[in-house]
Amino acid sequence: MFLWFHALRLGMLTRTFLCLWVCILLQGCSSNMPNLGVTNGKLAACPSSPNCVSSQAEGKHFIEPLVVKGTNAEAHEKVVAAIDSLKRVKVVTREERYIHAEFTSVVFRFVDDVEFLFLEEHDGDVVIDIRSASRVGHSDFGVNRKRMEAIRRTL
823 MFLWFHALRL GMLTRTFLCL WVCILLQGCS SNMPNLGVTN GKLAACPSSP NCVSSQAEGK
883 HFIEPLVVKG TNAEAHEKVV AAIDSLKRVK VVTREERYIH AEFTSVVFRF VDDVEFLFLE
943 EHDGDVVIDI RSASRVGHSD FGVNRKRMEA IRRTL
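Count the sequence shown with the working numbering and you get residues 823 to 977, in order.
Printed below as a string of structure tokens:
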């Protein structure tokens, strides 16, 4: 009798865990496409949640822009190579002065949008405004900032 009860209880726990796991996975897939791109020379503003960094933001969301030696075309190729060196990334938009890439997390398949806006060349340097933001959730545990700093180190 005890074994039957134990097996029944274990089965219920397994089903509950499975249902919870499916709900979490579906939440990761249910994100809406955010308002991205360049408007009047600016990337989209960060939301109030701490899961976004941008070189055009102020306060806790601010991150230094990238500075790359060379021409705009050379800087563009270096950034694409840096992105391609990372895992679980898909370049969505690749224009002369703008790149949008999507990074997907391993476990829950959450998508983060990463944007690069190439500014004018000046004295052999190209300044690149950057933005990295999670589509869902509130906190990203610093993942977006760490990703952008990893890209900076590869350049």
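Quick reminder that beta carbons are idealized off the backbone N, C-alpha and C, glycines included.
Sub-8 Å separation of residue i and residue j beta-carbons
i      : j      : result
VAL936 : THR926 : no
GLN878 : ASP951 : yes
LEU941 : LEU865 : no
ARG910 : VAL928 : yes
SER876 : ARG967 : no
HIS922 : LEU858 : yes
Residue i, buried or exposed, once every other Cβ within 10 Å from all chains shown has been counted against 16
i      : result
LYS900 : buried
LEU847 : Model confidence at LEU847 stands at a pLDDT of 43, short of 50, so the residue's coordinates are unreliable and nothing is read from them.
TRP843 : With a pLDDT of 46 at TRP843, under the threshold of 50, the modelled position of this residue cannot be trusted, and the question is left open.
PRO887 : buried
VAL862 : The sequence given here has Asn at residue 862, not Val. Under this definition ASN862 is an exposed residue.
MET970 : buried
ALA972 : exposed
For residue i, three-class secondary structure by DSSP
i      : result
LYS909 : coil
GLU918 : coil
ALA897 : helix
ILE885 : coil
GLU924 : strand
ARG974 : helix
VAL965 : helix
Straight-line Cα distance separating residue j from residue i
i      : j      : result
VAL914 : ASP945 : 30 Å
GLY881 : GLU917 : 29 Å
VAL902 : SER956 : 20 Å
PRO872 : HIS883 : 7 Å
GLY850 : SER961 : Reliability of the predicted coordinates at GLY850 is poor, the pLDDT of 44 falling under 50, and no value is obtained from them.
ASN894 : GLU924 : 22 Å
Any chain C beta carbon closer than 8 Å to residue i
i      : result
MET970 : Here chain C cannot be found, since the structure has a single protein chain.
For residue i, the nearest candidate out of the options (CA to CA)
i      : options                           : result
ARG975 : SER956, SER961, GLU943 and ALA904 : ALA904
CYS868 : ALA972, SER907, LEU977 and VAL958 : VAL958
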